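Engineer: Top to bottom, those sequences are chains A and B.
With this note's numbering, the residue at position 186 of the first sequence is 219, and numbering never jumps.
With this note's numbering, the residue at position 151 of the second sequence is 184, and numbering never jumps.
From the three backbone atoms N, C-alpha and C, an ideal C-beta is built for every residue, glycine too.
Here the structure is a predicted model, which is why all the values come from computation and not from measurement.
Below are the structure tokens for one structure; questions will follow.
Protein chains: 2
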Amino acid sequence: MARARIVDPEEGPRSKRGAILVAAVERFGGDGYENTKWSEVADRVGIGQTALYHYFESKAHCLLTIMRLELQRSHDQFVEATTGETEPVEELRAAVRSAFAVTEQEIRQMRILQANMSLLANPRKSEREETERVAARQLVQMVERDWTNLLMRGMAKGAFPVRDTHTLGLAVLGMIVSVWRWYRPTGAIPLSEISEMIEGCVVRMVAE
Amino acid sequence: MARARIVDPEEGPRSKRGAILVAAVERFGGDGYENTKWSEVADRVGIGQTALYHYFESKAHCLLTIMRLELQRSHDQFVEATTGETEPVEELRAAVRSAFAVTEQEIRQMRILQANMSLLANPRKSEREETERVAARQLVQMVERDWTNLLMRGMAKGAFPVRDTHTLGLAVLGMIVSVWRWYRPTGAIPLSEISEMIEGCVVRMVAE
DNA sequence: AAACAACCTGAGTTCAGTTCAATTTGACTG
DNA sequence: CAGTCAAATTGAACTGAACTCAGGTTGTTT
Chain A
34 MARARIVDPE EGPRSKRGAI LVAAVERFGG DGYENTKWSE VADRVGIGQT ALYHYFESKA
94 HCLLTIMRLE LQRSHDQFVE ATTGETEPVE ELRAAVRSAF AVTEQEIRQM RILQANMSLL
154 ANPRKSEREE TERVAARQLV QMVERDWTNL LMRGMAKGAF PVRDTHTLGL AVLGMIVSVW
214 RWYRPTGAIP LSEISEMIEG CVVRMVAE
Chain B
34 MARARIVDPE EGPRSKRGAI LVAAVERFGG DGYENTKWSE VADRVGIGQT ALYHYFESKA
94 HCLLTIMRLE LQRSHDQFVE ATTGETEPVE ELRAAVRSAF AVTEQEIRQM RILQANMSLL
154 ANPRKSEREE TERVAARQLV QMVERDWTNL LMRGMAKGAF PVRDTHTLGL AVLGMIVSVW
214 RWYRPTGAIP LSEISEMIEG CVVRMVAE
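Below you can see the structure in the form of structure tokens.
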């Protein structure tokens, strides 16, 4: 399972698309999307701001692309972590652990995704932006289904008490992703500890 | 305990500050802050856009005010719901239930708060905006402390197994507020059911 | 009814994001 | 290795929404 990388090998040899995405992740993740001037991203890459429009239709189009790539990665990583696991509780634990097995760049991407999630609610005027938005929305639903399906399988096997899988799945997912709103790599609590805490919480929540 | 109301009785009789806040909550909560033109809020109130600057220094200042008021209300409601309760599990249940005992306007305010939380991270250039931001930040910490303190009391009494209260508190709070990202009053699942589900989840998470 | 503060406005400014019309670069072909 | 062409880049101009300014109106107070 090839995870979605931010640098696409399909690009031409002198394309700066990957470099723009990397720079945008750094700036959007650091100071926030609204707080970052689109021209600053150009500066960081070492091109004029107009050159950005050769690769992205707009600043929002770049943001939506980052979000879509991160959602794709999250989904892929979930599938990678859970396939082969047959014991429901172990599958659940593996899914939670994989959600926290991320690089620093991926943490920034998760933060960008969470901070700008509401952008996916309303339609976009331009076509390419709308394409990315719809793709991202579908991936959100796919990730939600990843979790609800896992819970459903566990309930069907009798490993978890039967509850409304939709609400429970969203609650589990909501708790996990809420971490990216406050976690900073420089903070006092290491991510491994957070991961273990959340893993325990999720198991107790679901399995009684 | 007088809860923070969006319409402040301190205002002069012909002040439109309350009307602006109500209109802004409706528009920011409906289409999102970025998607809403500041002039649309003026139109809805029935004044020219320049008149808005008599009450708020900027569009962001208005948003920050809405967020601060909502945080104050959340905190007040938490205190109101938990005072007098001595049994830790019941206190926890009461706190969760109170978090979902909200009006439709308050739901919109919670949605606005959650969607724009990252605005509180970076300092603002203008003084009045910065004042609101700092006040909101402190209220966020106060609400976080409300939850961690509740958990600490429960652990001290032996009602909950001892765990890291900070991480656990943020996890509980994160799960609760994540509901406002997807819940819509028109949706299939009534809020009462969601509240019960989350209440159960929180109790199992914390109490083993 | 004079004074004054609260409230409001139309015209103009700013600035980040974006468009346009053209030019440069460099990989590939014959 | 010269010529070709799409990919990549650019400076200058445009746009639109947030905001400023220099006054004008309203209504309360004494």
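Is the region 91-100 of chain A touching the region 200-209 of chain A, taking contact as three or more C-beta pairs under 8 Å?
Structural biologist: Short answer: they don't touch.
Engineer: Have a look at A:Leu146, A:Glu229, A:Val176 and flag the residue whose alpha-carbon is nearest the alpha-carbon of Val58 (chain A).
Structural biologist: Of A:Leu146, A:Glu229, A:Val176, the residue nearest in Cα terms is A:Leu146.
Engineer: Do you know how far the Cα of Val239 (chain B) is from the Cα of Phe193 (chain B)?
Structural biologist: Roughly 6 Å separates the two Cα atoms.
Engineer: With 8 Å as the threshold, decide whether the Cβ of Met230 (chain B) is near any Cβ in chain A.
Structural biologist: For Met230 (chain B), the answer is yes, since a Cβ of chain A falls inside 8 Å of its Cβ.
Engineer: Could you check if Gly187 (chain B) is buried or exposed, using at least 16 other CB atoms within 10 Å of its CB as the buried criterion?
Structural biologist: Gly187 (chain B) is buried by the Cβ-count criterion.
Engineer: Please identify, using Cβ separations under 8 Å, the residues of the region 191-203 of chain B that lie next to chain A, in order along the chain.
Structural biologist: Those would be Arg196, Asp197, His199, Thr200, Leu201, Leu203, in chain order.
Engineer: Out of curiosity, what's the CA-to-CA distance linking Gly62 (chain B) and Asn155 (chain A)?
Structural biologist: Cα-Cα distance, rounded: 12 Å.
Engineer: Hey, is Gly187 (chain A)'s beta-carbon within less than 8 Å of any beta-carbon in chain B?
Structural biologist: For Gly187 (chain A), the answer is no, since every Cβ of chain B falls outside 8 Å of its Cβ.
Engineer: Chain B partners of Trp215 (chain A), CB-CB under 7 Å?
Structural biologist: Per Cβ cutoff of 7 Å: Leu203.
Engineer: Where do the ends of the alpha helix (DSSP H) carrying Ser211 (chain B) lie?
Structural biologist: Its alpha helix (DSSP H) spans residues 198-215.
Engineer: If we define contact as Cβ-Cβ less than 8 Å, is Asp64 (chain A) a contact residue for chain B?
Structural biologist: It does: the Cβ of Asp64 (chain A) has a partner Cβ on chain B nearer than 8 Å.
Engineer: Quick one: which chain A residues come within Cβ less than 8 Å of Ile99 (chain B)?
Structural biologist: Chain A residues near Ile99 (chain B): none, gap ~15 Å exceeds 8 Å.
Engineer: Mind checking if Ser225 (chain B) is an interface residue toward chain A, Cβ cutoff 8 Å exclusive?
Structural biologist: Chain A, which has no Cβ nearer than 8 Å to the Cβ of Ser225 (chain B), makes this no.
Engineer: I'd like to check one pair, Glu177 (chain A) with Leu206 (chain A): are the Cβ atoms closer than 8 Å?
Structural biologist: Cβ atoms of Leu206 (chain A) and Glu177 (chain A): closer than 8 Å.
Engineer: Answer with yes or no whether the minimum CB distance from Asn155 (chain B) to chain A is below 8 Å.
Structural biologist: Asn155 (chain B) counts as touching chain A.
Engineer: When you compare the CB positions of Tyr88 (chain B) and Arg50 (chain B), do they come within less than 8 Å of one another, or not?
Structural biologist: Yes, the pair counts as a contact, with Cβ atoms nearer than the cut-off.
Engineer: Determine the closest residue to Thr219 (chain B) out of B:Arg38, B:Arg141, B:Leu125, B:Gly79, with distance taken between C-alpha atoms.
Structural biologist: Per the Cα distances, B:Arg141.
Engineer: Give a yes or no on contact between the region 96-115 of chain B and the region 160-179 of chain B, applying the rule of three or more CB pairs nearer than 8 Å.
Structural biologist: The region 96-115 of chain B is in contact with the region 160-179 of chain B.
Engineer: Looking at the structure shown, is Gly65 (chain B) part of a helix, part of a strand, or coil, going by DSSP?
Structural biologist: DSSP places Gly65 (chain B) in coil when its eight states are reduced to three.
Engineer: Under a CB-based cut-off of 8 Å, is Ala35 (chain B) close to chain A?
Structural biologist: A caution first: Ala35 (chain B) carries a pLDDT of 49, below 50, which makes its placement in the model unreliable, though a value can still be read off. It does not; no Cβ of chain A falls within 8 Å.
Engineer: Which residues in the same chain as Ala52 (chain A) place their Cβ atom closer than 7 Å to its Cβ, once the five residues preceding and following it in sequence are excluded?
Structural biologist: Cβ neighbours of Ala52 (chain A) beyond the five flanking positions: Val78.
Engineer: Shortest alpha-carbon distance to Ser131 (chain B) belongs to which of B:Ser48, B:Pro46, B:Val210?
Structural biologist: Cα-wise, what sits closest to Ser131 (chain B) is B:Val210.
Engineer: If we ignore side chains and look at the alpha-carbon of each, how far apart do Tyr66 (chain B) and Pro46 (chain A) end up?
Structural biologist: Rounded to the nearest angstrom, the two C-alpha atoms are 40 Å apart.
Engineer: Could you tell me whether any Cβ in chain B is nearer than 8 Å to the Cβ of Ile140 (chain A)?
Structural biologist: No - not a single Cβ of chain B is within 8 Å of the one on Ile140 (chain A).
Engineer: Verify whether the separation of the beta carbon atoms of Arg9 (chain B) and Glu232 (chain B) is less than 8 Å.
Structural biologist: For residue 9 (chain B) there is no data in the structure shown, the boundaries of chain B being 34 and 241.
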